[in-house]
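Here the structure is laid out as structure tokens; the discussion comes afterwards.
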Amino acid sequence: MEEKRHTSLHYEKELQAIKDGIIYLGALTETAIRKAMKSLSDRDTELARSVIRDDDEIDRLDTDLEERCIKILALRQPTAIDLRFITTAIKITGHLERIGDMAVNIAEKAMQLNEEPQLKPYIDLPRMADLVGGMIKDSLDSFVKSDLDQAEKVRRVEQVIDDLNEQIFRELLTFMMEDSKNIHRALLVMQVSKNMERIADHAKGIADMVTYMVTGECVRHRTCNMLE
Amino acid sequence: MESNAIISINRVNFYYGAVRALTDISMKFRKNKVTALIGPSGCGKSTLLRLLNRMNDLIDGTRVEGEILFEGQNIYAPDVDPVEIRRKIGMVFQKPNPFPKTIYNNIAYGPKLTGVNAGDLDALVEQSLKQAVLWDEVKDIMSKSAMNLSGGQQQRLCIARALAMKPDILLMDEPTSALDPISTAKIEELIEELKKDYTIIIVTHNMQQAARISDETAFFYIGNLIEYNKTEKIFTKPEVKQTEDYITGRFG
Ligand SMILES: Nc1ncnc2c1ncn2[C@@H]1O[C@H](COP(=O)(O)OP(=O)(O)OP(=O)(O)O)[C@@H](O)[C@H]1O
Ligand SMILES: [Mg+2]
Chain S
224 MEEKRHTSLH YEKELQAIKD GIIYLGALTE TAIRKAMKSL SDRDTELARS VIRDDDEIDR
284 LDTDLEERCI KILALRQPTA IDLRFITTAI KITGHLERIG DMAVNIAEKA MQLNEEPQLK
344 PYIDLPRMAD LVGGMIKDSL DSFVKSDLDQ AEKVRRVEQV IDDLNEQIFR ELLTFMMEDS
404 KNIHRALLVM QVSKNMERIA DHAKGIADMV TYMVTGECVR HRTCNMLE
Chain H
250 MESNAIISIN RVNFYYGAVR ALTDISMKFR KNKVTALIGP SGCGKSTLLR LLNRMNDLID
310 GTRVEGEILF EGQNIYAPDV DPVEIRRKIG MVFQKPNPFP KTIYNNIAYG PKLTGVNAGD
370 LDALVEQSLK QAVLWDEVKD IMSKSAMNLS GGQQQRLCIA RALAMKPDIL LMDEPTSALD
430 PISTAKIEEL IEELKKDYTI IIVTHNMQQA ARISDETAFF YIGNLIEYNK TEKIFTKPEV
490 KQTEDYITGR FG
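Going line by line, the protein sequences match chains S and H. So for the first sequence, my numbering puts the first residue at 224; every next one is plus one. So for the second sequence, my numbering puts the first residue at 250; every next one is plus one.
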């Protein structure tokens, strides 16, 4: 997609529109995560409801992008970088749709938690939310710029999220052991943390696809070798 | 890509008069594989194909440097008979070019000249037409003129005619560019079948066709071999930017 352009300007525009659509979809999921987290820390159930409502738009865009990618596969029969771009785009939109679902999960847990007194102040969760939001942004940036370093950065942050998630688990376990009345709320908070961790997995999935798109090599699983 | 080479081209330059059409080409073609030659118009694909069975000899003022080994023997060595080379390395052209003769005689003509005896001719004609998947369509009209066949049938007839000479290699220069999708699919299917017994080298401008039918693909640009690799590799992750720009339809 760099320097040289396709002879067919229509084709060029179709590919650009896919890129733009993915960036827009990515922005919607980032917003969803941010709002879901805010609905928890500010105990704002109305905000949580809006996250659930807005997910319909994410689903609709996902379907629309996927259809457009399939149409390009069928009508343009892309090869080489164009083929890797389209297959990557299809995967990315799937990841983003799942991220939207996780934001909905978090919003649902927030609504339940908002019904009860707050278990503890949230410190690590907002940090996680910021980090995974940044991962999505970076992974999509790396897609647009074909930037391998940025994709690698996303994979590094994923490690940090894993550690944070474990730390939160341990902390919540102590709350549960202290007082069995804490168990229900602690489990809900655990699920929020778990959802953040899964969002990070999806962002890493996007970064891995970008690496495939740029290098032709599959880094998702060590044993997998798409082109050899 | 080293193993099983049936043809090895070593440092070949080719000239039409003073104009160099191929520059320092070295490559091997593997036995029982389909190799596609791709590249923009005028890059030298047909020239290379014609070099492989000495068809360029027929053009005045041409000159070859380097060597082309066919099963280890330099086909441009002085003692080599070009007619014998053309029998072993057959060619099918872009436009179907049947002789203005009966269907039967189109196939039988060449073998007769090379001394196949009359008793074996019928069997050879039938076998060649069956190999080219044309037999069922023509078996009842063998004495009709080949000129009345459809374009797709004529092209398969030309393939049958080439096969009747029992070649080792089949060179095809854009064999389906004048055909409708069904005839094209039949020829492609035929190529799949033929590669069990023959080595096929095909020039095509249809990228999807090259991707579908070939095992290896060579990309040429202004007389130079730019990239030569497994077809799957060329069409998913070519190594050279020029190849990628060409197959994805980007202009320079
Ligand atoms: N008989 C000839 N006399 C002089 N020059 C020729 C002759 N045939 C081909 N050429 C030149 O040699 C170069 C390569 O031609 P060639 O026909 O091999 O290209 P090609 O790759 O087969 O192109 P196309 O895809 O259009 O068939 C071109 O510059 C062409 O003009
Ligand atoms: Mg040609």
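Note that beta-carbon positions come from the ideal geometry of N, C-alpha and C, so glycine has one too. Model, not experiment: these values are computed from the prediction.
Item                                                                                                                                                                     : Value
Tell me the DSSP bridge mates of Ala254/H?                                                                                                                               : Arg279/H
Given that Met456/H touches chain S, what residues does it touch there, using C-beta distances under 7 Å?                                                                : Thr302
So, Thr296/H versus Ser463/H, is the Cβ gap smaller than 8 Å?                                                                                                            : no
If we count the other Cβ atoms within 10 Å of its Cβ and call it buried at 16 or more, is Arg283/S buried or exposed?                                                    : exposed
Residues of chain H with CB under 8 Å from Leu306/S, in chain order?                                                                                                     : Phe484 and Thr485
Would you mind reading off the limits of the alpha helix (DSSP H) that contains Arg266/S?                                                                                : From DSSP, Arg266/S is part of no alpha helix (DSSP H); its letter is neither H nor E.
Is the beta carbon of Asn355/H less than 8 Å from the beta carbon of Ile334/H?                                                                                           : no
Taking only runs of the beta strand (DSSP E) that begin and end inside the segment 471-496 of chain H, which ones reach a length of at least 3 residues, in chain order? : 473-479
Looking at the structure shown, is Leu450/S part of a helix, part of a strand, or coil, going by DSSP?                                                                   : A caution first: Leu450/S carries a pLDDT of 45, below 50, which makes its placement in the model too unreliable to give a value.
Closer than 8 Å, CB to CB, is Ile496/H near chain S or not?                                                                                                              : yes
Curious, which full-length alpha helix (DSSP H) runs of at least 4 residues does the segment 371-434 of chain S contain?                                                 : 371-401
For Tyr345/S, which residues from the same chain have a beta carbon less than 6 Å from its beta carbon, with the 5 sequence-adjacent residues on both sides left out?    : Ser264
Mapping DSSP to helix, strand and coil, what is Tyr265/H?                                                                                                                : strand
Inspect the beta-carbon positions of Glu316/H and Asn259/H and report whether they are closer than 8 Å.                                                                  : yes
Pick helix, strand or coil for Phe308/S, following the three-state DSSP scheme.                                                                                          : helix
Hey, is Thr230/S's beta-carbon within less than 8 Å of any beta-carbon in chain H?                                                                                       : yes
CB Ala303/S to CB Pro487/H, shorter than 8 Å?                                                                                                                            : yes
Going by alpha carbons, who is nearest to Gln300/S out of Ile436/H, Lys344/H, Leu439/H and Ala459/H?                                                                     : Ala459/H
Please tell me whether, using a cut-off of 7 Å, the distance from the CB of Asp287/S to the nearest non-hydrogen atom of ligand 2 is below it.                           : no
Should Ala430/S be listed as close to ligand 1, given that the test is whether its C-beta is under 7 Å from any heavy atom?                                              : no
Could you check whether the Cβ of Cys441/S sits closer than 7 Å to any heavy atom belonging to ligand 1?                                                                 : no
Taking 8 Å as the CB-CB limit, is Lys294/S close to chain H?                                                                                                             : no
Could one say the Cβ of Met250/H lies closer than 8 Å to chain S's Cβ atoms, at least one of them?                                                                       : Interpretation of Met250/H is limited by its pLDDT of 47, a score under 50 that renders its predicted location unreliable; no figure is taken from the coordinates.
Examine ligand 2 and report whether any of its heavy atoms sits within less than 7 Å of the Cβ of Val268/H.                                                              : no
Count the other CB atoms within 10 Å of the CB of Thr466/H; is the residue buried (16 or more) or exposed (fewer)?                                                       : buried
DSSP three-state call for Ser394/H: helix, strand or coil?                                                                                                               : strand
How is Met304/H classed by DSSP in three states: helix, strand or coil?                                                                                                  : helix
Excluding five sequence neighbours on each side, which residues of the same chain lie with their C-beta closer than 6 Å to the C-beta of Ile483/H?                       : Thr466
Listing by chain order, which chain H residues have their CB less than 8 Å from the CB of Lys227/S?                                                                      : Asp494, Arg499, Phe500 and Gly501
Please check if any C-beta of chain S sits within less than 8 Å of the C-beta of Ala460/H.                                                                               : yes
Using 8 Å as the Cβ pair cut-off and three pairs as the minimum, do the segment 432-450 of chain H and the segment 358-367 of chain H touch?                             : no
Helix, strand or coil: how does DSSP classify Glu465/H here?                                                                                                             : strand
Check whether chain H comes within 8 Å of Ile241/S, counting only Cβ atoms and requiring the distance to be less than that.                                              : no
Hey, how far is the Cα of Glu440/S from the Cα of Ile475/H?                                                                                                              : 22 Å
For chain H, check one thing: does any of its Cβ atoms lie closer than 8 Å to the Cβ of Gly439/S?                                                                        : yes
Is it true that the CB of Gly356/S sits closer than 8 Å to the CB of Arg257/S?                                                                                           : yes
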